[in-house]
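Visitor:
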Amino acid sequence: MEIDYLQGLNDPQRSAVENYAGPSLIIAGAGSGKTRVLTMRIAHMLRQGISPRNIMALTFTNKAAREMRDRVTKILPYDAVRGLWMGTFHSLFSRILRAEAGLLGFPEAFTIYDTADSRNVVKAIVRQLELPDEQYKPNEVYARISLAKNNLVLPEAYAANATLTEEDARAKRPRLAEIYALYMRQCRQNGAMDFDDLLLYMNILLRDHPEIAQKYGEQFQYILVDEYQDTNYSQYLIVKKLADIRRNICVVGDDSQSIYSFRGARIENILRFQQDYPEAKIFKLEQNYRSTRTIVEAANSVIEKNSRKLPKHLFSENEQGDPIRVICTLSDKEEAQRVAADIHTTLYGRQASPDDFAVLYRTNAQSRVIEEHLRGNNIPYRIYGGQSFYQRAEIKDAIAYLRLAINPKDDESLKRIINFPARGIGETSIGKIVAAGQAEGVSMWEVLLRHTPEELGIRGGAVKSLGAFVRNFTELFRRSGEMDAYELAMEVMSRSGLIAHYKDSPSIEDESRLQNVEELINSVKVFVDEQLSGEGAAEGGESVAPQADLPQEGVVHGPVTLDQWLQNIALLTDMDNSREDDTPRVTLLTVHASKGLEFKYTYIVGLEENLFPSQHGGSASAEDIEEERRLFYVALTRAEKRATLSFALSRFKWGSVVPSQASRFIKEIDPKYLDMPPLPDTDSRGDGNAALRNRWNTAGTAARTGDPRPAFQRYQRKTATPPAPPVQAPAGFKRTDTRPASVPQGKPLDSAGELTVGARVAHDRFGSGTVTAFEQTATDTKVTVRFEAAGTKTLLLKFARLRLI
Ligand code: ATP
Ligand code: MG
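Quick look at the structure:
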């Protein structure tokens, strides 16, 4: 059965579908039907009798390719679609490369190296050349090679390029060109290509073998590319070459949604299409079918601020819809609570399905606290294009270290981390330790304590590394009893070398891994605080009002151990494993991963300066900010019915509370599209934010009553909160003092000798109070304090960090 696919198209869309001969540029705003047009164009061409094997459609993700194929098969019989070349650049080109591998001197079944494989090759070369690891970090070297490849600079040209070699000399790695050459040779010897090679060799194939270029140029009579604004130079050239003969090339994109420049994407590719193909037909789609008028107009009002863009107008004829709601909370935890509670309310209030919801965040690490509160509310969720927090490799590594600190006999954990980050303790050495453990019936750690590496038959560099590893951790285990969960976790992380490993890397992936490890530390700190204050760990419930951030009274406190925390998360991670069925789920995803997708209700969380826009730990250039703004535009245009934005006034950074400021992007939205409810009245809790709340509420009220000044301008002007300094992983984990300004400072109180009944003290969380009693126990001193705001608490002196005021 064939459906009349042309019916569901407006005039410009229909014209873009029917005029498939010659070069076409479909440039249009978000949700205007670009992907729909591309799909329908393919269906239409097939319908006109063009053979599927003559059509190549390039998508940004494999999932997008699958969806397009499904759509086309709904219109046409399966047989008419079979043989269509539809997929990502990497998947389609690896297919061609396998067929032509012989010409390039590669085996047909060449291996494709992932990033980890590539780094290992780099590492081996650096070692073989006896170069210092610190100067030639595998990640940095690999990033450099990748950049060169994506710009089609081969080793020889690299060595001859003065700019590149001078850059390397300045970065104190003068032999990079040599490593690059050896890397290429090594991959070839191994019969392997890395991701960048798939594009590079495709280019080389087309350049050096005109007959091959001719062959594929003839075969792919029609080439279509979705999300063209995010292609890199290497991809651009391949497409251009393949389209050279027939010139039936159709590219679809939106310059305002170009968000992958950090991976080498070049917005210029779309901007210069008309120069490459002066005869190109330009199709502009201006009507957005996805979103309410409010969302489309609000998104327009933001992207307008970018200087570098093609002029276009986007409108919607859908209903006006709900205003864009802004949620402001006191902490990241409360933000997650509010979002989860709001999803819960909307689910039932509007009879929606969990599939209708998405939570979008700028960095992966933000998923943890959202996941926790969705679980607490029994709302099923999935992480799109990624793993749930506790399944991520770096989190499993970090947890393995933490488990080992509690239980050195945990062989599985020891095996996981003994050589990660790399310490030169290879598989052979590990095998010997395992064998000795089995022979003697003891754990691997016990083996390491009983025997020197030499006694185990271990030789070479591993001897020294094992010695250092054992010394480092023996010292840690000796002291682990003295620390609470948070202190111990910080200590373990600092000794593990994980932080340094990720921190030194220039790659975006490692930046994200470091943020995940940081978030794990935050979760330990939150757990400790919650236990001390008698709050349950993951609380759910239907309450929309923020949960009281303050503790109940009368709880007797003991030190919170890492063991307790590990038991708590063991349950969470266990729940993670029972996934993958057809249950409708809320989608959690990064803004980058959300490109091209749509959901009825979206929540964009963490809209704070330094987070979104991200500053990558440093200061952002005007161009960086424009890219972040495009990213925000992508985020905002995902919603069909309602978008909700949220930000928190404070956020955990390496376990300390740091104040944060609303994102400039909220301020940039024309306030007439916003709904900013007053901050919840939390005065009775004495959270010290009364002044801030007043300012916020005045700003919000003015917005609702039509004060023409943008609400956030007023809010910003009146807000005295200084911008949070960019927080780095503290070197060696000296805790930075980031107490809320409202808590009196005073002198640290660390010995019981300084205590008197009636003394005035201050606590980070509970504020100021008066000591009413204290009692010496076997290991510590119990202090009872009557806090003005938080009521009476009994605290252990060692962990309470009280200050005399
Ligand atoms: P993005 O920029 O986010 O990639 P897009 O331009 O590719 O968006 P599509 O995803 O193709 O837009 O379309 C957005 C939504 O509008 C989809 O749900 C699509 O089915 C719908 N749509 C597009 N054109 C029409 C039309 N003429 N009539 C009805 N619905 C349409
Ligand atoms: Mg699209």
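Going by our numbering, 218 is the number at position 198 of the sequence shown; the sequence numbering is gapless. Every residue gets a Cβ at the ideal spot worked out from N, C-alpha and C, and that includes glycine. From a predicted model like this one, the values you see are computed outputs, not experimental measurements.
Please work out which residues of its chain come closer than 6 angstroms, Cβ to Cβ, to leucine 202, disregarding the five sequence neighbours upstream and downstream, and give them in chain order.
Guide: The residue you call residue 202 lines up with position 182 of the sequence shown. The residues are Ile145.
Visitor: CB of lysine 94 to nearest heavy atom of the ligand ATP: below 6 angstroms?
Guide: As a first step, residue 94 is located in the sequence shown; it is residue number 74 there, counting from the start. No.
Visitor: Would you give the residue range spanned by the beta strand (DSSP E) that threonine 812 belongs to?
Guide: Residue 812 sits at position 792 when you count from the first residue of the sequence shown. Counting along the chain, the beta strand (DSSP E) containing threonine 812 begins and ends at 811-816.
Visitor: Do you know how far the Cα of isoleucine 478 is from the Cα of asparagine 140?
Guide: Sequence index remark: in the sequence shown, residue 140 carries index 120 (1-based). Sequence index remark: in the sequence shown, residue 478 carries index 458 (1-based). One C-alpha to the other measures close to 22 angstroms.
Visitor: Using 6 angstroms as the cut-off, classify the Cβ of threonine 814 as near or not near the heavy atoms of the ligand ATP, replying yes or no.
Guide: Indexing the sequence shown from 1 puts residue 814 at position 794. Checking every heavy atom of the ligand ATP against the Cβ of threonine 814, none is found closer than 6 angstroms.
Visitor: Let's see if you can read the secondary structure: which residues bound the alpha helix (DSSP H) around glutamine 148?
Guide: Within the sequence shown, residue 148 is the residue found at index 128, counting from 1. Looking at the DSSP string, the run of the alpha helix (DSSP H) that includes glutamine 148 is 135-148.
Visitor: Return yes when at least one heavy atom of the ligand MG lies under 6 angstroms from the C-beta of threonine 4, else no.
Guide: Since the first residue shown for the chain is 21 and the last is 825, residue 4 is missing from the structure and cannot be characterised.
Visitor: Is it right to say glutamine 33 is buried, meaning 16 or more other beta carbons lie within 10 angstroms of its own, or is it exposed?
Guide: Position 13 of the sequence shown, counted from the start, is the residue given in the question as residue 33. Counting Cβ neighbours within 10 Å, glutamine 33 comes out buried, since at least 16 surround it.
Visitor: Spell out a yes or no on whether the stretch 326-335 and the stretch 365-380 are touching, meaning 3 or more CB-CB pairs, one atom from each, closer than 8 angstroms.
Guide: Touching, no.
Visitor: Check tyrosine 621 in the structure and name its three-state DSSP category.
Guide: Taking the first residue of the sequence shown as position 1, residue 621 is located at position 601. Looking at tyrosine 621 - three-state DSSP - the assignment turns out to be strand.
Visitor: With distances taken between CB atoms, is the gap from leucine 608 to serine 788 smaller than 7 angstroms?
Guide: Stepping through the sequence shown from its first residue, residue 608 is reached at position 588. Stepping through the sequence shown from its first residue, residue 788 is reached at position 768. Taking 7 angstroms as the Cβ cut-off, leucine 608 and serine 788 do not qualify as a contacting pair.
Visitor: In or out: asparagine 210 buried (at least 16 other Cβ within 10 Å) or exposed?
Guide: Start at 1 with the first residue of the sequence shown, and residue 210 comes out as number 190. When all chains shown are included, asparagine 210 counts as exposed.
Visitor: Could you tell me the alpha carbon to alpha carbon distance between threonine 702 and valine 92, rounded to whole angstroms?
Guide: Position 682 of the sequence shown, counted from the start, is the residue given in the question as residue 702. Position 72 of the sequence shown, counted from the start, is the residue given in the question as residue 92. Model confidence at threonine 702 stands at a pLDDT of 44, short of 50, so the residue's coordinates are unreliable; what they give is reported in the following sentence. Using only the alpha carbons, I get a separation of about 55 angstroms.
Visitor: Just to confirm my understanding: we take tyrosine 25, look at its own chain, exclude 5 residues before and 5 after, and list those with CB closer than 6 angstroms. What are they?
Guide: Position 5 of the sequence shown, counted from the start, is the residue given in the question as residue 25. Only Met60, Ala63 and Ile95 meet the Cβ criterion.
Visitor: Nearest by alpha-carbon distance to glutamate 355: which of Ile258, Leu651, Leu394 and Phe377 is it?
Guide: In the sequence shown, the residue the question calls residue 355 occupies position 335. When only C-alpha atoms are compared, the closest one is Leu394.
Visitor: Tell me which same chain residues have a C-beta within less than 8 angstroms of the C-beta of phenylalanine 80, skipping the five on either side of it?
Guide: Against the sequence shown, residue 80 aligns to sequence position 60. Same-chain partners within the cutoff: Thr108, Asp246, Glu247, Asp250, Lys615 and Gly616.
Visitor: Which word fits arginine 412, buried or exposed, when buried means at least 16 other C-beta atoms lie within 10 angstroms of its C-beta?
Guide: If you number the sequence shown from 1, residue 412 lands on position 392. Buried, since its Cβ has 16 or more Cβ neighbours within 10 Å.
Visitor: Ignoring anything shorter than 4 residues, give me the alpha helix (DSSP H) runs that lie fully in the stretch 222-301, in order along the chain.
Guide: Runs of the alpha helix (DSSP H) inside the stretch 222-301: 230-239, 253-262, 288-291 and 293-296.
Visitor: What three-state label does DSSP hand lysine 169 in the structure shown?
Guide: Residue numbering aside, residue 169 sits at position 149 when the sequence shown is read from its first letter. Lysine 169 falls in the helix class under three-state DSSP.
Visitor: Please state the DSSP three-state secondary structure of tryptophan 105.
Guide: Taking the first residue of the sequence shown as 1, we reach residue 105 at position 85. Three-state DSSP puts tryptophan 105 in a strand.
Visitor: Give the DSSP-derived three-state secondary structure of isoleucine 390 in the structure shown.
Guide: Numbered from its first residue, the sequence shown carries residue 390 at position 370. Residue state, collapsed to three classes: helix.
Visitor: By Cβ distance below 8 angstroms, which residues in the same chain neighbour serine 278 in space, the five residues on each side in sequence not counted?
Guide: By 1-based counting over the sequence shown, the position of residue 278 is 258. Within the same chain, serine 278 has close Cβ partners Gln249, Asp250, Ala285, Ile287, Ile290, Glu647 and Arg650.
Visitor: Would you grab the beta carbon distance between leucine 694 and phenylalanine 667 for me? Rounded to a whole angstrom, and I think it's under 8 angstroms.
Guide: Counting from one through the sequence shown, the residue named residue 694 turns up at place 674. Counting from one through the sequence shown, the residue named residue 667 turns up at place 647. With a Cβ gap of about 13 angstroms, leucine 694 and phenylalanine 667 do not count as contacting.
Visitor: Considering only residues of the same chain and omitting the five flanking positions on each side of proline 730, which have a CB-CB separation below 7 angstroms?
Guide: Taking the first residue of the sequence shown as 1, we reach residue 730 at position 710. Unreliable placement is indicated for proline 730, whose pLDDT of 36 sits below 50; the coordinate value is still reported in the next sentence. Excluding sequence neighbours, proline 730 sits near Lys687 and Pro691.
Visitor: Grouping DSSP H, G and I as helix and E and B as strand, with all else coil, what is tyrosine 98?
Guide: One-based indexing of the sequence shown puts residue 98 at position 78. Helix.
Visitor: Are the stretch 213-226 and the stretch 190-198 touching by the rule of at least three beta carbon pairs closer than 8 angstroms?
Guide: At 8 angstroms Cβ cutoff, the stretches do not touch.
Visitor: Since I believe tyrosine 621 is in contact with arginine 662 (beta carbons under 8 angstroms), could you give me their beta-carbon distance rounded to a whole number of angstroms?
Guide: Counting from one through the sequence shown, the residue named residue 662 turns up at place 642. Counting from one through the sequence shown, the residue named residue 621 turns up at place 601. So it is a contact: roughly 5 angstroms between Cβ atoms.
Visitor: Would you check if the stretch 512-522 and the stretch 407-427 touch, i.e. whether three or more CB-CB distances between them fall below 8 angstroms?
Guide: Yes: the two stretches touch, three or more of their Cβ pairs being nearer than 8 angstroms.
Visitor: Measuring straight from C-alpha to C-alpha, what distance separates glutamine 371 and alanine 793?
Guide: Numbered from its first residue, the sequence shown carries residue 371 at position 351. Numbered from its first residue, the sequence shown carries residue 793 at position 773. Going by the C-alpha atoms only, they are around 54 angstroms apart.
Visitor: Please confirm whether any heavy atom of the ligand ATP lies closer than 6 angstroms to the CB of arginine 91.
Guide: Position 71 of the sequence shown, counted from the first residue, corresponds to residue 91. No, the ligand ATP has no heavy atom inside 6 angstroms of this Cβ.
Visitor: With hydrogens ignored, establish whether the beta-carbon of asparagine 838 is closer than 6 angstroms to any heavy atom of the ligand ATP.
Guide: In the structure displayed, the chain extends from 21 to 825; residue 838 sits before or after that span and is not available.
Visitor: Buried or exposed for arginine 382, please, with buried defined as at least 16 other CB atoms from any protein chain shown within 10 angstroms of its CB.
Guide: Sequence index remark: in the sequence shown, residue 382 carries index 362 (1-based). Under this definition arginine 382 is a buried residue.
Visitor: Starting from serine 19 and walking both ways along the alpha helix (DSSP H), at which residues does that stretch end?
Guide: Summary: the structure shown does not reach residue 19, with the chain confined to residues 21 through 825, and so no result is reported for it.
Visitor: Give, in chain order, every unbroken run of the beta strand (DSSP E) that is at least 3 residues long and sits entirely within the stretch 323-367.
Guide: Counting whole runs of 3 or more residues, the stretch 323-367 contains the beta strand (DSSP E) stretches 344-349.
Visitor: Based on Cα-Cα distance, which residue from Ala77, Arg115, Asp217 and Asn181 lies nearest to aspartate 134?
Guide: Within the sequence shown, the letter at position 114 stands for residue 134. With distances taken between Cα atoms, aspartate 134 lies closest to Asp217.
Visitor: Following the continuous beta strand (DSSP E) through alanine 668, name the residue where it begins and the one where it ends.
Guide: For the purposes of this step, residue 668 is taken as the residue at position 648 of the sequence shown. Note, alanine 668: beta strand (DSSP E), 659-668.
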